[in-house]
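The structure appears right after this line, and notes come after that.
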Amino acid sequence: FPIDNKERLGIDQLRRAVEQCARDDKSVLQEVSIRSMAFLDSILSEKQKQKAYLTFSDEVKQLGTNVGVPSIREQEEALAFFHERGFLIHMTSTEILKNIVVINPQWLIDALSKVIRDGS
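In my numbering, the protein residues as written are 419 to 538.
Dropping the structure here:
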């Protein structure tokens, strides 16, 4: 959508389009338990400690237990849901990736760019 911030042209049209997308997305109606939200809050609060990622096997499991989500299955389901929503990054294609929960996406972008960037 073309937008003109000075004249505010196109802003209402964009707002309506975004609202319509949100209404059409049935996943926004999915209920999330208070415990799962507390789990997410405890994970994301680790950003304040300047952490870019957490390990599932040590840190995330313990955070879940601390907020009343002791089941590994429930923790994994919550992580999958929060990954789908873009709150964090948790890939599960390998055991190594499954053990990493990225809470600072910029860190991941920077790390990947170092791998693919030409050194010259």
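By construction, the Cβ of each residue, glycine as well, lies at the ideal position given by its N, Cα and C atoms. In this text, all values refer to a predicted model and were calculated from it rather than measured experimentally.
To the nearest angstrom, how far is the alpha carbon of V446 from that of M509?
Position 28 of the sequence shown, counted from the start, is the residue given in the question as residue 446. Position 91 of the sequence shown, counted from the start, is the residue given in the question as residue 509. Spanning the two alpha carbons is a distance of roughly 22 Å.
Should A496 go down as buried or exposed, given a rule of 16 or more other Cβ atoms within 10 Å for buried?
Reading the sequence shown from its first residue, position 78 is the one you call residue 496. Its Cβ being crowded by 16 or more others within 10 Å, A496 is buried.
Are V478 and V520 close, meaning C-beta to C-beta below 8 Å?
In the sequence shown, residue 478 corresponds to position 60, counting from 1. In the sequence shown, residue 520 corresponds to position 102, counting from 1. No. Outside cutoff.
Would you call the CB atoms of F457 and G482 closer than 8 Å?
Working through the sequence shown from its first residue, we reach residue 457 at position 39. Working through the sequence shown from its first residue, we reach residue 482 at position 64. In this structure, G482 lies closer than 8 Å to F457 by Cβ.
For the beta strand (DSSP E) containing I534, name the first residue and the last one.
Position 116 of the sequence shown, counted from the first residue, corresponds to residue 534. I534 -> not in any beta strand (DSSP E); alpha helix (DSSP H) instead, spanning 523-534.
Helix, strand or coil for L427? Go by DSSP, reduced to three states.
The residue given as residue 427 occupies position 9 in the sequence shown. Strand at L427.
Kindly provide the ranges of any alpha helix (DSSP H) runs that are 4 or more residues long and lie completely inside the stretch 483-515, ordered along the chain.
490-502
Between the alpha carbons of S460 and V485, how many angstroms are there, rounded?
Working through the sequence shown from its first residue, we reach residue 460 at position 42. Working through the sequence shown from its first residue, we reach residue 485 at position 67. The straight-line gap from Cα to Cα measures roughly 8 Å.
Mark L427 as exposed unless 16 or more other C-beta atoms lie within 10 angstroms of its C-beta, in which case mark it buried.
In the sequence shown, counting from the first residue as 1, residue 427 sits at position 9. So L427 counts as exposed.
Taking the alpha carbon of Q524 as the point to measure from, which residue in L432, K465, Q431, E513 has its own alpha carbon closest?
Along the sequence shown, one-based indexing puts residue 524 at 106. With distances taken between Cα atoms, Q524 lies closest to K465.
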